[in-house]
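Just so you know, the sequences run in chain order W, Z, D and A.
Residue numbers for the first sequence follow the numbering used here, so the first one is 72 and each next one is one higher.
Residue numbers for the second sequence follow the numbering used here, so the first one is 72 and each next one is one higher.
Residue numbers for the third sequence follow the numbering used here, so the first one is 72 and each next one is one higher.
Residue numbers for the fourth sequence follow the numbering used here, so the first one is 72 and each next one is one higher.
Just so it is clear, CB atoms sit at the ideal spot from N, CA and C, and this is done for glycine as well.
All values reported here derive from a predicted model rather than from experimental measurement.
There are 4 protein chains.
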Amino acid sequence: MAYKDEQLREEKVFKDPVHRYIHVKDRVIWDLIGAMEFQRLRRIKQLGTSFFTFHGAEHSRFNHSLGVYEIVRRILANFEGKPYWNPNERLLCLAAALLHDLGHGPFSHSFEKVFKLDHEDFTKKIIVGDTEINHILRRVEPDFPQKVAEVINKTYHDKLVVSLISSQIDADRMDYLQRDAYFTGVSYGHFDMERILRVMRPVDDQVVIKSSGMHAVEDYIMSRYQMYWQVYFHPVSRSAEVILSKILHRVKDLYLSGYTFRFQPIHFLSFFEGEVSLQDYIRLDEPIVSYYFQAWTDESDEILSDLCVRFTNRKLFKYVEFNPNAQMEEWMVLHRLFEQVGMDPKYYLVVDSSSDLPYDFYRPGEEGERLPIYLQKPNNELEELSRTSDIVESISGKKRTDHKLYFPSDFIEALSDDQPEKKQIMDLLGIARN
Amino acid sequence: MAYKDEQLREEKVFKDPVHRYIHVKDRVIWDLIGAMEFQRLRRIKQLGTSFFTFHGAEHSRFNHSLGVYEIVRRILANFEGKPYWNPNERLLCLAAALLHDLGHGPFSHSFEKVFKLDHEDFTKKIIVGDTEINHILRRVEPDFPQKVAEVINKTYHDKLVVSLISSQIDADRMDYLQRDAYFTGVSYGHFDMERILRVMRPVDDQVVIKSSGMHAVEDYIMSRYQMYWQVYFHPVSRSAEVILSKILHRVKDLYLSGYTFRFQPIHFLSFFEGEVSLQDYIRLDEPIVSYYFQAWTDESDEILSDLCVRFTNRKLFKYVEFNPNAQMEEWMVLHRLFEQVGMDPKYYLVVDSSSDLPYDFYRPGEEGERLPIYLQKPNNELEELSRTSDIVESISGKKRTDHKLYFPSDFIEALSDDQPEKKQIMDLLGIARN
Amino acid sequence: MAYKDEQLREEKVFKDPVHRYIHVKDRVIWDLIGAMEFQRLRRIKQLGTSFFTFHGAEHSRFNHSLGVYEIVRRILANFEGKPYWNPNERLLCLAAALLHDLGHGPFSHSFEKVFKLDHEDFTKKIIVGDTEINHILRRVEPDFPQKVAEVINKTYHDKLVVSLISSQIDADRMDYLQRDAYFTGVSYGHFDMERILRVMRPVDDQVVIKSSGMHAVEDYIMSRYQMYWQVYFHPVSRSAEVILSKILHRVKDLYLSGYTFRFQPIHFLSFFEGEVSLQDYIRLDEPIVSYYFQAWTDESDEILSDLCVRFTNRKLFKYVEFNPNAQMEEWMVLHRLFEQVGMDPKYYLVVDSSSDLPYDFYRPGEEGERLPIYLQKPNNELEELSRTSDIVESISGKKRTDHKLYFPSDFIEALSDDQPEKKQIMDLLGIARN
Amino acid sequence: MAYKDEQLREEKVFKDPVHRYIHVKDRVIWDLIGAMEFQRLRRIKQLGTSFFTFHGAEHSRFNHSLGVYEIVRRILANFEGKPYWNPNERLLCLAAALLHDLGHGPFSHSFEKVFKLDHEDFTKKIIVGDTEINHILRRVEPDFPQKVAEVINKTYHDKLVVSLISSQIDADRMDYLQRDAYFTGVSYGHFDMERILRVMRPVDDQVVIKSSGMHAVEDYIMSRYQMYWQVYFHPVSRSAEVILSKILHRVKDLYLSGYTFRFQPIHFLSFFEGEVSLQDYIRLDEPIVSYYFQAWTDESDEILSDLCVRFTNRKLFKYVEFNPNAQMEEWMVLHRLFEQVGMDPKYYLVVDSSSDLPYDFYRPGEEGERLPIYLQKPNNELEELSRTSDIVESISGKKRTDHKLYFPSDFIEALSDDQPEKKQIMDLLGIARN
């Protein structure tokens, strides 16, 4: 029997707290899960620094990747025998679902910004490069790795396949909303996925939703909205993210300026130099980062050492609401005051902004462009969701941005009361005196 | 106001998936949570290697410690104003609950066995040594650290206080059963804790259960029984544990024999030499261990390198049921065959045994001795649980042991079919040929 | 000890699937629950005809009333010692919460419309009339019944007390949304009540919400919106409601026209004559109605008999979307056609409309006027919810109406194909031919 | 297409709180659900008088019957293509599952005992008699009603089919344990049904369980044990049951003795005379019973009137532990004392006993004989569950009986303190004086 058709003698079942069970029958999927590049995802947290705010959020991308696979598996079980659906694309969908996050590194968001990387590039490189994953995929057929990469990259010709993994209501989002809600323990993030799966229909090159399922989809959109503001953009997690970025900046600056490290950043060298090989990238997981951060708490550079202590022991920055446009002058004053008291504002006075677009029906030309959600009416006409749903319409395409200013309040409070800047800073930042 | 009585201006609340919310009002508790030795528990998994079997089991001891604190907080809220209960012991109970696992290191079980350590010793050392935790506790009163250590060590004079943390139905067990069930996703581990808390009564120097709550306690005992056999002793997790132990053994042996490491085991040196300082101990968390294991995949020693690849990429040993007493001869034959084909049986043919005592009403003189559970009848008489409950009686004091033999089936299958030992080994281990 | 201060020797606890446990410590509350007028609520379903659509929705108003009491009890436990809160109002709040629905009869909505009754009047009458409830309340103090009635009637002088029972986010709504979601099994209706209770604050004469809880309140508003459209206004339940109303109309018409009943509507006589005594009202519960409907399936009047068969055996009317304003002409044609084939359109061609106002910040002068929800900002300023929340703003004060036309499709299909009206009716109603 | 193969154009889906969704695709099943005899099950509570103890337990047998159908549907979906399984039995299994409780009347237990009826007889009569159900079944094939009746009666030749509905781990029990737990809100009653369904295998003429699922089955057995003692045999529900039985006895005695009822027991006449027609039986649902009980509160017979007030308004009997064998003398004294003070002991001093056999591996010759549970080991050998499981063994075949004595404590307390019997009765019954 061809490798691509091989079935396990006995179905393998993973106990999953979100989907109850994850079922694997295909030999290819089983082998992919066992590959070292996939196992590596156990060492990357799904929610980066969110565990500092929600202590339950310690789950890994391994978890999530299995979940996305399982959702696609269930969708396809419903699609069997339906028009428009080509059953030969099944294994491709499952593999793409499983592997879509393969290129994520530790705290991807910060690493990507500081080192100008793109985890999607690395997903592709792992799939087409010389890896265990690639060897497995090639056994299916020589151009199977390329196809999987195209699906994940949204360039695959069959857009129906693409839309299962990447759309406004794809398996990726359905898994992470539920999973992140489960592990953080928040009461948002729940919606009736079973119903949504049942009202999904393949129509031409997209997945549409029978209009009788509109309310379940509204509920999903609202869950997403709540999760963004309650969990993903939580200011405490962002505080840890700010510190993390500043550590990376500092260590890079120190390296480039010839600083002598007590503890050499061996795993980071190619990152500093902008020449990250696939092997170096794969090696850098969260335990490695944690190891260095702990080690650097002993560095002689006070800023690096302080920031690493903060991240390791959760001595985070405090924050206030801050509008960088309206409060530019205030910011400049603070900047100067911080310099005067010896707190480098580059590292200790940081503006961070979050934004989200809860549901976009149309955002042409942007990189993150997502396919809109179409409802299929009883007469088979399609209608874009926000035209039918008041609630969705009310939040469609509305970008909401939240700016905060982060700073070390412990340092400020530790300043001598004789220093005139202390009072000024505290007043400007609204820090209360005891 | 005295430090010990200080209350936070606004109650702090942690979102917890198991207890919904964890409430902190005491300044002392808040400070303890912020201490670096407590934050370190975020870097120690609650269930060691279980995440290899149950991918959701990635939660840390930090999680669990907060949970135990919260349960004790709720119990004490019920105890307020009850006879026998001394409200002055409140803060002591809360601190002991929070800190009871402070001395756990990474994969404690294996580390303790290989390096002859005891995490309870380290819990004590962290509490009475020169640590952030100790400084906070001393602010309460000079001998407060000592008291906390005694409660955790079960030597404190007020046994009522001790029994909240260490008994057959203490806050520790109630939290971990529920928490581990939640994160693994298994359907066991649930019981009606709210009811149990409501029927707990302080009587003399112990906590007893009103007999109307007997069925809830039975349910708790059964949960515990199920969790042991379904989760804690799962043979796949034990396979990873076996490999972990063998890595530690190997690296220690190599070090003692003067092997030249490509990658120096700096963090381990004092462990090899049996002189582990408090600082060295605290530093060794799971990311550090993970870092070394990944690094050692490149060591020239083939056994060390192979075992580290296995642990890092989850290429675990397979297992068969094995009774070391009844099958001694078989085991000797296998031992010899393994040597003949060049697989060192010390590392590649491992017997592992698990046992549990689900409920012990009386086990005098043993180190793990636990207080039995007493039911309080309507006439206030006390009766030990197993005398009333058939179900509990049926499993009381019955030690059940499960032996398994672990081995690398991939190596065996990779042997040449020409080697006569291959067939013999496969037959003895019951490995099927394709 | 005064009756109003009497506490039960041992707290009574009800197992409740929604709030886990309902706690009763006050003798007065315990006695009220035991009163026959309160026990009667076991014989009135919370959701009327919804069980025809959601088979789980068989729960009674007894359930719900206990739940509202429990929520108020928890709110007041949080209010203890807070400014603005007068602890002397505690028992009044609890009693009003427990008794707020006391005057509901079977299928109140239909009965009220057909017989021009008002359940709120009867709530008041039961509280101030010669009933077990009244005797208990009078033992608290002579004017206690009057006070309880005023709180329920929203005329009590202390508006803070009123707002606990009747506002946009009162205990009534918080209970029924969760309870109805639980029993129907729909996945809407969940929100984080524990958090909402924690952010509720008494301020002057109202309950406000700390602004940090805004998202939990948004979630509650959305739950409400979803429950209205998914459950409360479900067209199948409304079909049963339509039939129920028509039965009541028919039986009243028959009675007034001197029809000789095989089975006398003794319990209904005072309803027909518009002179319903308190005793008659209390007696009429759902089993009684069910008894008559079953009996009347044998009446010689064909319309009454048919409608009773339909209700008893769930042979409901089918429905189509119908806009009574735009489709007036169509309706008149149908009316005539129904008459021609002998189906009295008064009973067999029924327009029914539903509407809901998910969140009203201001609806002056209307009977159902509800207090808006205010958020309390960190600086203690109050702001009305819809000014802060985009989502709530999007649905504020927007009345959405849904019209449907109900008819007996089985009768129509049973018409002879030779009758020209058959095809016309089927075309107009969009009934497909086999 | 043959009626038996007809599929609905669109699958019908019921929202179910226990199984999430219940799926119906077969026209036959859809028609059966719509039949008046099946709809009647909405008017029979699943748990009889338990709602007096657990206010949530108001769910009907209609609910449960759909649930049993759904479980069998899922089991059969897993059986598809498996050896031993004959797919031609599918519809038979589904119909038998749906209809297995069809003959239940109101509060069956009491009615059966008082009037010497057997609900299983009536299930059969409804299936083979002149009913809507029968007409539907006959359209499948002429002897289909007979087959369905045989499956429910356990006499059908294919024991595999029988065992799905009636065995120690059948769909009936799996549904009611979960459903009753859900509606009462107790935390027992949960087990991992999804796993049990996955490890069920047809082998010869029975359903066996793969031994890897043993712990899930243990958990199910324990759930059952807990539900029996916590819910099904709860003494408060039994108190209501005692009163109910006494009402039926009283009204029958009155009728037979020629008493003139103010309110004629028309629906009961054939019950009194032991000649219950199918039509009379079907008509008698719980609303009818409730109607009479309310009416009889006004009867001149004081015992009947009092008992009906008690049942209607939940003024139940109190109880004490009582061993009828050991305490015979005490009982005789009480009997005499009750007579002396004018409380007829036949109605006011009632011993009631409960017993359960949580798991029986062998009970030959008894009417309720149930097939044992067999585990299938990896080598395909079968082993009876209690031989493998210590826990199950500990409760196998152990009949536990619980005796209680019920009496009206309000009457006793209302006796004059001058009556010497009062003190004697109170002492014997252990009623405390205020």
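{"query": "Listed by chain order, chain A residues near residue 175 of chain D by CB distance under 7 Å", "result": "Those within 7 Å of residue 175 of chain D in chain A number zero; the least Cβ separation is about 16 Å."}
{"query": "The alpha helix (DSSP H) enclosing residue 492 of chain D, as first and last residue numbers", "result": "491-500"}
{"query": "Cβ shell of residue 96 of chain W (< 7 Å), same chain only, five flanking positions each side left out", "result": "78, 79 and 82"}
{"query": "Chain D within 8 Å of residue 497 of chain Z, Cβ atoms only", "result": "no"}
{"query": "Extent of the continuous alpha helix (DSSP H) to which residue 132 of chain W belongs", "result": "132-150"}
{"query": "Cβ neighbour criterion (16 or more within 10 Å) applied to residue 447 of chain D", "result": "buried"}
{"query": "Proximity test, Cβ basis, 8 Å: residue 259 of chain D and chain W", "result": "yes"}
{"query": "Host beta strand (DSSP E) of residue 216 of chain D (start-end)", "result": "It is not in any beta strand (DSSP E) - residue 216 of chain D instead sits in the alpha helix (DSSP H) that spans 215-223."}
{"query": "Identity of the residues DSSP links to residue 472 of chain A by a beta bridge", "result": "A/426"}
{"query": "Within 8 Å, strictly: CB atoms of residue 204 of chain D and residue 170 of chain D", "result": "yes"}
{"query": "Cβ of residue 465 of chain Z within 8 Å of any chain A Cβ", "result": "yes"}
{"query": "Beta-carbon gap between residue 138 of chain D and residue 295 of chain D smaller than 8 Å", "result": "no"}
{"query": "Residue 486 of chain D versus residue 165 of chain D: straight-line alpha-carbon distance, rounded", "result": "58 Å"}
{"query": "Residue burial classification, residue 407 of chain A (beta-carbon count within 10 angstroms, cutoff 16)", "result": "exposed"}
{"query": "CB contact check: residue 81 of chain D to chain Z, cutoff 8 Å", "result": "no"}
{"query": "Beta-carbon contacts of residue 423 of chain A that lie in its chain and below 7 Å, excluding the five residues immediately before and after", "result": "309, 313, 475 and 477"}
{"query": "Test: residue 88 of chain W CB closer than 8 Å to a CB of chain D", "result": "no"}
{"query": "Spatial neighbours of residue 365 of chain A in its chain, beta-carbon cut-off 8 Å, leaving aside the 5 residues before and after", "result": "379 and 383"}
{"query": "Residue-level contact to chain Z via CB, residue 306 of chain W, 8 Å cutoff", "result": "no"}
{"query": "Closer than 8 Å to chain D by CB, residue 469 of chain W", "result": "yes"}
{"query": "Rounded C-alpha distance that separates residue 414 of chain W from residue 492 of chain W", "result": "12 Å"}
{"query": "Beta-carbon proximity of residue 85 of chain Z to residue 112 of chain Z, cut-off 8 Å", "result": "no"}
{"query": "Burial state of residue 436 of chain Z, where buried means 16 or more other Cβ atoms lie within 10 Å", "result": "Unreliable positioning characterises residue 436 of chain Z in this predicted model, as indicated by a pLDDT of 43, which lies under 50. The coordinate reading is nonetheless provided below. The residue in question, residue 436 of chain Z, is exposed, as its Cβ has fewer than 16 Cβ neighbours within 10 Å."}
{"query": "Interface flag, residue 436 of chain Z vs chain W, CB-CB below 8 Å", "result": "Low per-residue confidence applies at residue 436 of chain Z: pLDDT is 43, beneath 50, and the placement is therefore not dependable, though the value from the model is reported in the following sentence. Taking Cβ atoms only, chain W never reaches closer than 8 Å to residue 436 of chain Z, which makes this a no."}
{"query": "Distance, residue 289 of chain A Cα to residue 259 of chain Z Cα", "result": "11 Å"}
{"query": "Paired residues, beta bridge with residue 453 of chain Z - DSSP", "result": "Z/447"}
{"query": "Own chain, CB closer than 7 Å to residue 372 of chain A, minus 5 neighbours either side, in chain order", "result": "325 and 330"}
{"query": "Inter-residue CB distance, residue 123 of chain W and residue 129 of chain W (contact presumed, cutoff 8 Å)", "result": "About 11 Å separates the two Cβ atoms, so there is no contact after all."}
{"query": "From W/421, W/376 and W/385, residue whose alpha carbon lies closest to that of residue 395 of chain W", "result": "W/421"}
{"query": "For residue 240 of chain W, three-class secondary structure by DSSP", "result": "coil"}
{"query": "Contact set between the segment 339-362 of chain Z and chain W, restricted to residues whose Cβ is under 9 Å from the partner", "result": "354, 356, 357, 358, 359, 360, 361 and 362"}
{"query": "Bounding residues of the alpha helix (DSSP H) (the contiguous stretch that carries residue 81 of chain Z)", "result": "No alpha helix (DSSP H) holds residue 81 of chain Z; the beta strand (DSSP E) holding it covers 78-87."}
{"query": "Classification of residue 458 of chain D by the beta-carbon crowding that lies within 10 angstroms, buried from 16 upward", "result": "exposed"}
{"query": "First and last residue of the uninterrupted beta strand (DSSP E) at residue 96 of chain Z", "result": "91-97"}
{"query": "Within chain A, partners of residue 462 of chain Z - CB distance below 9 Å", "result": "293, 296, 462, 465 and 466"}
{"query": "Residue 177 of chain Z and residue 223 of chain Z closer than 8 Å at C-beta", "result": "no"}
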